[in-house]
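Numbering (the numbering used here), first residue to last: 681 to 1400.
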Amino acid sequence: MNPEDAVGLQFTRLRSDQKRALAKLGIQSVRDLLYHFPARYENAGATGTIAAVTAGEEVTLYGTVRKPDIRKTWKSRRPIAEAWLEDASGKIKMMWFSQPYIAKTLHDGMQVKVTGRVAGAGTKTYLANPGINTSPVAPEEIHDSLFAKGAAVPVELYPVYPESQGISSLWLHHALRRVFETHVHERMEDPIPQEILARYNLPTLASALVFIHAPRRLEDAMAARKRFAFEEVFALQTLLQKRRHALSQERALRVHVDRSALASFVASFPFPITGAQTRAIDAITRDFEKTHPMLRLLEGDVGSGKTAVAAATAYLVATSLPEGRIAGTLQVAYLCPTEILAKQHFSTFVSYFKDHPIPIGLITGSECRKFPSRVRYEESAKLSKAAFKKMVSNGEIPIVIGTHALIEKSLAFKHLSYAIIDEQHRFGTMHRQKLVTKDTLAPHLLSMTATPIPRTLALTIYGDLDLTLLDEMPVGRKPIVTEVLAPEKRENAYARVREELEKGRQAYVICPRIDEPDPAKELALQAKSVKAEAARLKKEVFPDATIDILHSRMRPTEKEETMKKFESGETQILVATSVVEVGVNVPNATIILIEGAERFGLAQLHQLRGRVIRSTYQSYCFALPESSGQHTKDRLKAFTSAKNGFELAEYDLALRGAGELAGGKQWGVSDIAMEALKNIKLVEAARAEAVQLIAKDPTLKNHSALALRARAAGEEMHLE
């Protein structure tokens, strides 16, 4: 029996409520417990005893509760809960002001861990409003080393873990002590090969588990965290490189590259392309000439021209003959996250291809369309889904743009050669996999995103893709004037909106929510809603303007009608949720107001601001926060000062902490691995080692522990 499984049997003796609490933390085996790492460490002073505390310091103490009681102050009659904390060295009073209920949760003789500031002076010191953690574990057990029975060895650093109701850090500390006494950690196979550990001076698995759960020095804990961060990134990279190697063995439909025809097509764009766009098109073109499928991520800031790169490269595919045929063409599938964006791209492609006789299709949940129409060439025609799917399966529509409907089993391509995925981060890897495996031959894959991603995150999450950056903006684009306005200066933003409307321009107003909350249920929520704000603006601020609303609960036909009115200029102010964050392209809109700006992530704020950088007009963005704390001020200062989205993403990584960046949880990467994203050298080293290892052992036949670790990392990221 695997030693991990043998110790795992101890879990059967837990109460059902404890099992549920552990499951919430993702702990279902002893291995899970060992990999449940502390979020931080607390220092309990030189000895960790009550006798050693001094006034003014923040302490963590373990001891026994004595004489819990409730009393009132003499003058104000303010209720106070109080109790004594006692250990072998002495005792200290604990006091909770205006929190009498705490006394009712304590009883004499209870073993607890408390954290708080020492107040008072001399012999009258006390713990003021300390946090308290109850546990049945005896104090003498807490001060034992995790690895030495009986001896009362002081522990200077106490680990604080992610907790759930019924499972405290103290409980986890005690449980881990029992696990370490079995020495199971010494029998677990290390997923990182010995030579790699030596190369980067990383501790072994057994040592790192000791260092991270019971460090004697902070340096030991940091060494262990570095090792586990490397391990997770290395495991992810191994999985991704294994997939990349397998795909490189597959054959792709070769695209005929006619560079002169491509140059002519690009020259027909209504704007000159940038150097960055030219380099991106060249890189993709070179990949097309290879016999194995391309795997590339195109990352460009808002408004940098990714759609033009997609159109130019799609043109090459749509004008290529399948091998051994004298008629028909290769096909392109362009996957979009929303119906609004799919229709936007369809409209853009039609404008690019209007002088080129290449059919283009649109498929969404609500309709199917084909350009050109048989009746009027310059227009598209609506088709039934059955007719549309038949034309795609016959190869009659070379370029198909759509939403999730593109990856339905019932939609079959005849010669799918090129798959484009827009806003890659909005699709799970399974969506990408479904699109890539729709045909017997693997198509070339281009993933695109306008969401700024730090290089370390891109290398980690998209380790199987080659990275191309669009780091130039189209000629003539002016930087957006961005300001953060306090509530008393809101009128400044409204004055600028009036000026822009007088020039014939249009405006967005973004709100965090759709409806007003139920007062009986959400008294504390102050966020403005689309519906109420639109009504208020019409009544009190812009009575002469045409105002409309857009949000996610509207029917597709309602959204389409609303966007048509805004695109045509019939609507002057569009009040919307962040549904307009991606893809909405109205060049005449030059100003955006973002209500409750602190409620949006920095990347999301940048995307919203990008809605008004679609023309050569001067544009404006006003962030209108509801709170004014230092954290809000720091984040919004970064929003106004960052030169581009990539700089903003790097700042977000440093400011908010790696675990929150772009919703660390949405990527499926653990907090400890996200910490590694501040270290580009570590990420690049992990990737390089994975590439070399997979080149020698593509199936991980000789690295079984690493194969299991990589599979677990893939499941966490929803790659498996």
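Built from N, CA and C at the ideal position, the CB exists for glycine as well.
task: Confirm, please, whether the CB-CB distance from S778 to R758 is below 8 Å.
output: Yes, they are a contact pair.
query: Sorted by chain position, which residues of the same chain lie with C-beta nearer than 7 Å to A1366's C-beta, five sequence neighbours on each side aside?
result: F910, V913, F914, Q917
- prompt: With C-beta atoms as the reference, is V794 less than 8 Å away from R720?
  reply: The criterion of a C-beta distance shorter than 8 Å is not satisfied by V794 and R720.
- prompt: In three-state DSSP terms, what is Q874?
  reply: If DSSP states are grouped into helix, strand and coil, Q874 belongs with the helices.
field: Own chain, CB closer than 6 Å to A886, minus 5 neighbours either side, in chain order
entry: H865, E866
message: Our contact map puts Q1011 next to S1073 with C-beta atoms below 8 Å; I'd like the distance itself, whole angstroms only.
response: In fact, because the Cβ distance is near 10 Å, the residues do not count as touching under 8 Å.
message: Is the beta carbon of V1363 closer than 8 Å to that of L1139?
response: yes
- prompt: Can you name, in chain order, every residue of its own chain whose Cβ lies under 6 Å from the Cβ of R1389, other than the five neighbours on each side?
  reply: P871, A915
task: Measure the Cβ-Cβ separation of L889 and L713 and say whether it is below 8 Å.
output: Cβ distance not < 8 Å, so L889 and L713 don't count as in contact.
Spatial neighbours of V1155 in its chain, beta-carbon cut-off 7 Å, leaving aside the 5 residues before and after: For V1155, where only same-chain residues beyond five positions count, the Cβ hits under 7 Å are P952.
query: So the beta strand (DSSP E) M775 belongs to, where does it begin and stop?
result: 770–777
query: Can you pull the DSSP bridge partners for M1128?
result: L978, D1102
- request: Can you say whether V1080 is buried or exposed, counting buried as having 16 or more other CB atoms within 10 angstroms of its CB?
  value: Counting other Cβ atoms within 10 Å of its Cβ, V1080 reaches 16 or more and is therefore classed as buried.
- request: State the Cα-Cα distance for the pair Y995 and P1037, rounded to the nearest angstrom.
  value: 11 Å
- prompt: Tell me which same chain residues have a C-beta within less than 8 Å of the C-beta of A801, skipping the five on either side of it?
  reply: A735
Cutoff 6 Å; reference W776; Cβ partners in own chain excluding five residues on either side: A761, I782, N809
- prompt: For the alpha helix (DSSP H) that contains A1173, what are its first and last residues?
  reply: Boundaries of the alpha helix (DSSP H) harbouring A1173: 1170–1182, taken from the DSSP string.
Delimiting residues of the beta strand (DSSP E) encompassing A1303: 1300–1304
- request: Could you have a look at E1076 and say whether DSSP puts it in helix, strand or coil?
  value: coil
- request: Thinking I1293 and I1190 are a contact (beta carbons under 8 Å), I'd like their distance in whole angstroms, please.
  value: Actually they do not touch by this definition, with Cβ atoms about 15 Å apart.
message: Could you compute how far the alpha carbon of G1008 sits from the alpha carbon of P1002?
response: 7 Å
task: State the start and end residues of the unbroken beta strand (DSSP E) segment that holds A731.
output: Premise fails: A731 is in no beta strand (DSSP E) and is neither H nor E.
- prompt: Of the choices Y1188, F908, A703, L741, whose alpha-carbon is the least far from that of P718?
  reply: Nearest option by C-alpha distance: F908.
field: Whether I1227 touches K1239 by CB criterion (8 Å)
entry: no
- request: Quick one: using the 10 Å Cβ neighbour count with 16 as the cut-off for buried, is G1143 buried or exposed?
  value: Here G1143 is buried. Its C-beta has 16 or more other C-beta atoms within 10 Å.
Nearest to D938 (by Cα), restricted to the options A799, N1268, T965, F1033: T965
- prompt: Can you tell me whether DSSP reads V997 as helix, strand or coil?
  reply: Correct three-state label for V997: helix.
query: Nearest to R976 by alpha carbon, out of L1357, S1307, R1170, L1126?
result: L1126
field: Span of the beta strand (DSSP E), counted from its first residue to its last, around L786
entry: Where L786 is concerned, there is no enclosing beta strand (DSSP E), given that its DSSP letter is neither H nor E.
query: Should S1308 go down as buried or exposed, given a rule of 16 or more other Cβ atoms within 10 Å for buried?
result: exposed
message: Tell me the residue span of the beta strand (DSSP E) that contains W764.
response: 759–767
message: What ranges does the alpha helix (DSSP H) occupy inside the segment 1264–1330, keeping only unbroken runs of at least 4 residues that lie completely in it?
response: Segments of the alpha helix (DSSP H) lying fully in the segment 1264–1330: 1282–1289, 1310–1321.
- request: Give the secondary structure of L1150 by DSSP, where H, G and I count as helix, E and B as strand, and everything else as coil.
  value: strand
- prompt: Taking the continuous beta strand (DSSP E) assigned at F1051, which residues delimit it?
  reply: 1048–1051
query: Taking the alpha-carbon positions, what's the A992 to S944 distance?
result: 10 Å
- request: Within 10 angstroms of the Cβ of A1175, are there 16 or more other Cβ atoms? Answer buried if so, exposed if not.
  value: exposed
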